[in-house]
Amino acid sequence: MNVLLLGAGGHGQVVADAIRAQTAAGEDIRFLGYCDDRAETLRAVLGEEMLGTLADREQIPHDALIVAIGANSLRRRIFEQATGRGARTAVAKHPSAVVSTAARVHDGSMICAGVVINTQAVIGANAIINTAATVEHHCRIGSHAHVAPGARLGGNVEVGEGALIGIGAVVLPGKKIGAWAIVGAGAVVIDDVPAHATVVGVPAKVMTK
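One gets the working numbering by counting positions in the sequence shown from 1 and adding 495 to each.
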């Protein structure tokens, strides 16, 4: 399966590395190249792997795509545009990730190096589980969400659509993170977080203006 990446920034290059590692491990998946609206600038760095802009993707033969953009709202918009036009999406999963056979990862998602996803967890479409994050048993991660590097989610945590769990954050078992909420880096969440709220600190508190 030849996979085209939409997005060639830092996160996109991490996704490409994961797919290359999958290929080297004998999996039937290959990195085809990037589409990015900064194609002319990025071509100097990425060379022939920079295939064109986002608008060019339909003219580039490929089997599936992944929207490899870190920003959740932009990633959702491009994902919905592409799938709305019939695009097939793939999952990138670094070979060093440990994913339970009883977990479910929906298409379009990225599972980075060193991740652990335990039994009965569900990862929504177009989500990012970033480097060395832990998603414990029976967690539910919403579509377009991002669990950042080193974050730790206890069992039965729910993360809403588009939410961001920051680098090194900890969410205690059974807590609910609302849609499009932000949990700051290093925060420890001991209470539910409302939708669209930003929480920081130990224990995590809602930021006030």
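Positions of the beta carbon are idealized from the N, C-alpha and C atoms, including for glycine.
Since this is a predicted model, take the numbers as computed values, not measurements.
Q. Apart from the five residues on each side of it in sequence, which residues of its chain come closer than 7 Å, Cβ to Cβ, to N621?
A. V562, R570, R571, F574, G603, S604, S638, H639
Q.
Given this structure, state the Cα-to-Cα distance separating H691 from G661, to the nearest angstrom.
A. 14 Å
Q) Ends of the beta strand (DSSP E) at A559? A) 559-562
Q) What is the rounded straight-line gap between the Cα of R635 and the Cα of H589? A) 20 Å
Q. For T518, which residues from the same chain have a beta carbon less than 8 Å from its beta carbon, with the 5 sequence-adjacent residues on both sides left out?
A. I524, R525, F526
Q. Excluding five sequence neighbours on each side, which residues of the same chain lie with their C-beta closer than 6 Å to the C-beta of V654?
A. I636, G637, A640, I672
Q: Output yes or no for whether 9 Å exceeds the beta carbon distance between V688 and A699.
A: yes
Q. Can you list, in chain order, the residues of its chain whose CB lies under 8 Å from that of P668, leaving out five sequence neighbours each side?
A. E631, G649, G650, N651, V652
Q: Can you grab the Cα-Cα spacing for the pair K704 / V642, in whole Å?
A: Below a pLDDT of 50, predicted positions are generally treated as unreliable, and K704, at 45, falls in that range; no measurement from the model is reported.
Q. Is E553 helix, strand or coil by DSSP?
A. helix
Q | Span of the alpha helix (DSSP H), counted from its first residue to its last, around D501 | A | Residue 501 is actually Leu in this sequence, not Asp. Unbroken run through L501 is the beta strand (DSSP E), 497-501; no alpha helix (DSSP H).
Q | Reference G657, options A513, N567, R583, closest by Cα | A | N567
**Q.** Residues sharing a beta bridge with V684, DSSP
**A.** V666
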